[in-house]
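In my numbering, the protein residues as written are -17 to 306.
For glycine and all other residues, C-beta sits at the position ideal for the given N, C-alpha and C.
Below: the structure, in structure tokens.
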Amino acid sequence: MKTRMRVLLLGAVALLAAACGSTPDAAPFRLPVENRLPVGATVLNAAPNQRADQSCDPTASLRPGAQPQPGALPAGSTMAKIVAGGALRVGVDQNQFLFGYRNPATGEIEGFDIDLAHEIARDLFGDPAKIELKPIESANRAKALVDNQVDIVVQNFTPTCARRQDVEFSSVYFETDQRVLVTKTSGIHSAADLGGKKVCGIPNSTTLDAVFALPDSQRPTVIGIQNWLDCLTALQQGEVDAASTDLPLLYGLKIQDPNLEVVGGPMAQDFYAVGIQKQNTDLVRFVNGVLDRVRADGTWQRIYNQRLSVMGPSNGPPAPKYKD
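In structure tokens form, the structure reads like this:
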């Protein structure tokens, strides 16, 4: 036993001597480089050009008519069919703090968008709880409507002429602009400092257009990541240098990490509307009637104060724009 221990000790000493430089020509030891980006992350080489089609006014929607009351919905209408199904099926996010996120204390999905969806259920059923929340990835919002997986999408959904080829939109219920999120020690102070950096964003989102539109000297490498929590993790781990999207979403990420800050001026303006199946124009008008109510009776402001007060005082809900 003593002989074996002596051999082991001599071996350990030899290894220590080697590590201390007894073989100066040996290459220094390096840990393998590990890519910690989430599964599915990819380098994006072109803008999605969601705003390229300017053939319509994407923020104009169908004018609401006389608003039917719960229990008196027109027979055969989309609204009556939804009520017959027992719940309003809503496509939402569960990873966007402030707008749609899963509260770890309760397990429930909460946020500004979620509260707004409950208001639509209230006017359909007379009961805001008659709702079925279906988390979907941002890139699949239009597909979820086209495939009839959901009745509506309330998920930071920006209306564009390109998207209107497949789905319809309500009037706009939120207006914001786009900025940049970085760590406080990044040395990045605005979008002008992004040249050669890595920036994460959601594939096919409208906000990527503004990133790709930066001059060549300011153009970053764009990393497409499927949801904002993964983007946040990549930023915290140093796998990307910045994130760029709408201001409320960036504030939602910043609140989760005090080492982050929002920098720079507006890069683009953005709007949110409720996505609806294209053929269901009666539901579009109904939802617009709900939105008119929440603007007028103080509900919108109450929800803002509860969910988004961290962003400072609001300018109130955006005025609706109707095309007929």
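| Check | Outcome |
| --- | --- |
| From I134, P56, L196, residue whose alpha carbon lies closest to that of E101 | I134 |
| Cutoff 6 Å; reference P300; Cβ partners in own chain excluding five residues on either side | V154, E157 |
| Candidates D105, D228, I113, of which the one nearest G246 by Cα | D228 |
| Cβ-based neighbour list, D175, same chain, cut-off 8 Å, excluding 5 preceding and 5 following | G169, Q200 |
| Host alpha helix (DSSP H) of E101 (start-end) | 94 to 107 |
| Three-state class that DSSP yields for N31 in the structure shown | coil |
| CB contact flag (L70, N270, <8 Å) | no |
| Alpha carbon of Q36 to alpha carbon of T88, nearest angstrom | 43 Å |
| Top-ranked residue by Cα proximity to P197, from L163, F139, T189, A173 | A173 |
| Endpoints, the alpha helix (DSSP H) within which C213 is located | 210 to 218 |
| Burial state of A9 (16 or more Cβ within 10 Å) | A caution first: A9 carries a pLDDT of 47, below 50, which makes its placement in the model unreliable, though a value can still be read off. Classification for A9: exposed. |
| Sequence-distant residues of its chain with Cβ nearer than 6 Å to V128 (five each side left out) | D148 |
| Cβ-based burial, G67 [other Cβ within 10 Å; buried from 16] | exposed |
| Neighbourhood of G202 by C-beta, 8 Å cutoff - its chain only, sequence neighbours within 5 removed | It should be noted that the sequence gives Pro, not Gly, for residue 202. Contacts found: L176, G177, G178, K179, K180, V181, V193, L196, D223, A224. |
| T140, DSSP secondary structure in three states | coil |
| Cβ distance (whole Å) where D95 is taken to contact Q51 below 8 Å | That belief does not hold up - the Cβ atoms of D95 and Q51 are roughly 25 Å apart, past 8 Å. |
| Minimum C-alpha distance to A103 - residue among L273, N287, Y304 | L273 |
| Residue of L106, V72, V21 minimising C-alpha distance to P56 | L106 |
| Pairwise C-alpha distance: Q288 and R277 | 15 Å |
| The region 21 to 31 in contact with the region 226 to 244 per 3-pair CB rule at 8 Å | no |
| Three-state secondary structure assigned by DSSP to T189 | helix |
| Close beta carbons around I64, own chain, < 7 Å, minus the five adjacent residues each side | L70, L106, D133 |
| Option nearest A144 by Cα separation, candidates N186, Q131, Q261 | N186 |
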